[in-house]
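*Asks:*
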Amino acid sequence: MMRRGFQMAARLGHHRALLGAHRILPRHHPASAFGSSTDVLVSRFCPKKTDFKDFALPNASWCPDMLSTYQEFLEKTKANGWIKLPSFKSNREHIQGLKLPFGLEVTSDKKDWRIFTRCIQVEGQGYEYVIFFHPSQKKSVCLFQPGPYLEGAPG
């Protein structure tokens with residue numbers, strides 16, 4: 000069945016090429032996603048001030064290499080256009096202006112929603128990470144350190 004579908008698509012493509020037909024699908028600008036520019040997306044997902052705790056800050060469990068690399072990229076945020084992305088335990092409340100499509104909205108009354116990488120409450124025991132992003136270069140760097148709770152069962 001799939002083979003027949005591919006054959007039909009190939010035939011249609013061949014006939015359109017002969018007729019000089021144009022592409023049907025619109026072309027999207029590579030810098031846009033969901034119809035927004037990179038700057039709009041960064042401002043939406045990275046609010047300047049918030050009441051929520053940012054978990055992407057150094058703590059006592061960070062190794063010296065991770066701390067020095069963090070300080071290096073923190074300096075780059077001041078001069079070179081890098082942005083430190085905040086990391087909250089939940090994306091539910093802090094994303095500004097994000098509306099979920101109908102049917103995807105959650106109607107639960109749970110108040111302690113957590114993203115997977117922030118599911119372990121004790122600092123240094125689970126995922127320790129921070130992400131830096133450079134919008135004009137479309138480049139991101141993630142500093143990551145796994146904790147002992149991620150090792151699995153002994154043996």
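Take the sequence shown: its position 80, counting from 1, is numbered 79 in the numbering used here, and each next residue is one higher. Glycine included, each C-beta is placed from N, C-alpha and C at the ideal position. In this text, all values refer to a predicted model and were calculated from it rather than measured experimentally.
Just verifying my parser: in three-state terms, what is the DSSP assignment at Glu71?
*Replies:* Three-state DSSP puts Glu71 in a helix.
*Asks:* Tell me which residues share the same chain as Val140 and place their Cβ nearer than 6 Å to its Cβ, disregarding the 5 neighbours each side in the sequence.
*Replies:* Phe131.
*Asks:* Which one of Leu73, Gly125, Ala78, Met65 has the shortest CA to CA distance from Leu241?
*Replies:* Given that the chain is displayed from residue 0 to residue 154, the structure contains no residue 241 and the question cannot be resolved.
*Asks:* Can you tell which of Gly146, Asp64, Leu84, Thr76 has its C-alpha closest to the C-alpha of Ala55?
*Replies:* If we check each option's Cα against that of Ala55, Leu84 comes out closest.
*Asks:* When the Cα atoms are used, what is the spatial distance from Leu66 to Glu74?
*Replies:* Computed Cα separation, rounded: 12 Å.
*Asks:* By the three-class DSSP mapping on this structure, what secondary structure does Pro134 have?
*Replies:* Looking at Pro134 - three-state DSSP - the assignment turns out to be coil, as it is neither helix nor strand.
*Asks:* Judging by CA-CA distance, which residue of Asp53, Lys52, Asp64 is the nearest neighbour of Gln144?
*Replies:* Cα-wise, what sits closest to Gln144 is Asp64.
*Asks:* Residue range of the beta strand (DSSP E) that Lys83 falls in?
*Replies:* First-last of the beta strand (DSSP E) with Lys83: 82-84.
*Asks:* Among Asp53, Lys77, Gly123, whose alpha-carbon lies nearest the alpha-carbon of Trp61?
*Replies:* The shortest Cα separation from Trp61 among Asp53, Lys77, Gly123 belongs to Gly123.
*Asks:* Alpha carbon to alpha carbon, how far is Tyr69 from Gly151?
*Replies:* The alpha-carbon atoms of Tyr69 and Gly151 are separated by roughly 27 Å.
*Asks:* Thinking Val121 and Ser86 are a contact (beta carbons under 8 Å), I'd like their distance in whole angstroms, please.
*Replies:* Incorrect: roughly 16 Å between the Cβ atoms, too far for contact.
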